[in-house]
């Protein structure tokens, strides 16, 4: 019993730092609301909604499959296979992002956003997806402290950059650009370390990016994507309707009130970030009954 408690305490020692990352991500929106106009905050909210939808669906479920399978692959010593799945998740999202940018350029209209704003929303979502996918490598190794440090550093950096831009009098577009630039910078550093730990080089990376030559688990991915979209819609369909029907200034007020629900979702994500890889690894090392029992306990709680 003592050993179990000790393992649990070690596993969740990352929680304060990851909680700080979540708090910073939440607080930056309040700072933005203070620094920019209501109309600009409405535009920012609409672009962030595009980003969130893209980040949820652009990998076609591969990100969810990676969250499930990569911890098990690492536990079995199949590191290159696990990293390949992460790389291919980003590659698929990149192709979807390209299609999204072409659709925006061709005249696709959403939420009364301009072409440039719609493109920025797509790019922001792609950068966010790429960062979270790369950062999940440390989480898949159950190195939760490194994961928490990466999340806290990135969230703090982009919050500071966005707040500085807003404080200088710029608007929603420039804030989004600052966040994208900061996120991509962290992607470069974390991605380099991921490849180094897997002991692979550029030639291997280029082969891994050729997703058309890989037999990816599309059936599982698409099923998980559908489930994620249903869950996302259950939390966000009201925002989608509001973004489509309300003018920017009214949506700015609405988006600010919606921050309370965002805080609740952030707490849920904070818990899941540590529990999901733990469950995957338990199941991978033939402790299936234990994994299902823990799943039931956590779900009930």
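Residue numbers (the working numbering): 22 to 322.
Backbone N, C-alpha and C define an ideal beta-carbon position, used for all residues, glycine too.
Here the structure is a predicted model, which means the values were calculated and not measured.
- [ ] Assign residue 51 to buried or exposed, taking buried as 16 or more other Cβ atoms, counted over all protein chains shown, within 10 Å of its Cβ.
- [x] Flag for residue 51 reads exposed.
Open item on the list: Using a Cβ-Cβ cutoff of less than 6 Å, which residues in the same chain neighbour residue 61 once the five nearest sequence positions on both sides are dropped?
Closed with: Result list for residue 61: 192, 193, in chain order.
Task: Exposure label - residue 147; buried when at least 16 CB within 10 Å - done: Of the residues assessed, residue 147 falls on the buried side of the cut-off, its CB having 16 or more other CB atoms within 10 angstroms.
Task: Where residue 55 falls, given that 16 or more other Cβ within 10 Å makes a residue buried - done: Per the 10 Å Cβ criterion, exposed.
Task: Limits of the unbroken alpha helix (DSSP H) element including residue 197 - done: Residue 197: member of the alpha helix (DSSP H) spanning 193 to 219, first to last residue.
Open item on the list: Here's the rule: buried if 16 or more other CB atoms are within 10 angstroms of the residue's CB, otherwise exposed. What is residue 90?
Closed with: Counting the other Cβ atoms within 10 Å of the Cβ of residue 90 gives 16 or more, which makes it buried.
- [ ] Enumerate in chain order the residues of its own chain whose CB-to-CB distance from residue 287 is below 8 Å, with the five nearest sequence positions on each side excluded.
- [x] Leaving aside the five residues that flank residue 287 on each side, the residues in its chain whose CB is nearer than 8 Å to its CB run, in chain order, 43, 46, 47.
- [ ] Please state whether DSSP places residue 171 in a helix, a strand or coil.
- [x] In the structure shown, residue 171 adopts helical secondary structure according to DSSP, grouped into three states.
- [ ] Run the CB neighbour count on residue 98, radius 10 Å, all protein chains shown included, and call it buried at 16 or more, exposed below.
- [x] Exposed, since its Cβ has fewer than 16 Cβ neighbours within 10 Å.
Task: Rounded separation between residue 261 and residue 78 - CA only - done: Across the structure, residue 261 and residue 78 are spaced so that their CA atoms are roughly 15 Å apart.
- [ ] Classify residue 177 as helix, strand or coil using the three-state DSSP reduction.
- [x] In this structure, residue 177 counts as helix in the three-state DSSP scheme.
- [ ] Quick one: grab the DSSP three-state call for residue 127.
- [x] DSSP places residue 127 in coil when its eight states are reduced to three.
Open item on the list: When you compare the stretch 178 to 187 with the stretch 146 to 163, are there three or more beta-carbon pairs, one atom per stretch, that lie closer than 8 Å?
Closed with: Touching, no, given that fewer than three Cβ pairs across the two stretches are closer than 8 Å.
- [ ] Give me the Cα-Cα distance between residue 195 and residue 312, rounded to the nearest whole angstrom.
- [x] Their backbone Cα atoms lie some 45 Å apart in a straight line.
Open item on the list: Between the alpha carbons of residue 123 and residue 134, how many angstroms are there, rounded?
Closed with: Residue 123 and residue 134 have their C-alpha atoms some 15 Å from each other.
Open item on the list: At the level of alpha carbons, what is the spacing between residue 289 and residue 254?
Closed with: Whole-angstrom Cα-Cα distance: 16 Å.
TODO: State the CB to CB distance for the pair residue 38 and residue 173, rounded to an integer number of angstroms; the pair is presumed to be in contact (CB under 8 Å).
DONE: Indeed they touch by this definition, with Cβ atoms about 5 Å apart.
Task: Cβ-based neighbour list, residue 276, same chain, cut-off 6 Å, excluding 5 preceding and 5 following - done: For residue 276, the CB contacts under 6 Å within the same chain, skipping 5 residues up- and downstream, are 66 in chain order.
Open item on the list: My output table needs one value for residue 304: the three-state DSSP class, helix, strand or coil.
Closed with: DSSP places residue 304 in the helix class (H, G or I) of the three-state scheme.
- [ ] For the alpha helix (DSSP H) holding residue 154, just list the boundary residues, first then last.
- [x] For residue 154, the uninterrupted alpha helix (DSSP H) run begins and ends at 136 to 161, by DSSP.
Open item on the list: I need the boundaries of the alpha helix (DSSP H) containing residue 84, first residue and last residue.
Closed with: Looking at the DSSP string, the run of the alpha helix (DSSP H) that includes residue 84 is 83 to 96.
Open item on the list: I need the straight-line Cα distance from residue 119 to residue 112, nearest angstrom please.
Closed with: So the two alpha carbons sit approximately 11 Å from each other.
Task: Span separating the alpha-carbon of residue 114 from that of residue 150 - done: C-alpha separation (whole angstroms): 8 Å.
TODO: May I have the straight-line CA-CA distance separating residue 229 from residue 239, to the nearest angstrom?
DONE: Residue 229 and residue 239: Cα-Cα distance of roughly 16 Å.
TODO: Determine, using beta carbons only, whether residue 35 and residue 166 come nearer to each other than 8 Å.
DONE: A distance below 8 Å separates the beta carbons of residue 35 and residue 166.
- [ ] Would you tell me roughly how many angstroms separate the C-alpha atoms of residue 310 and residue 223, rounded to the nearest one?
- [x] Pairing residue 310 with residue 223, the inter-Cα distance amounts to about 41 Å.
- [ ] Let me know the secondary structure DSSP gives residue 190 once reduced to three states.
- [x] If DSSP states are grouped into helix, strand and coil, residue 190 belongs with coil.
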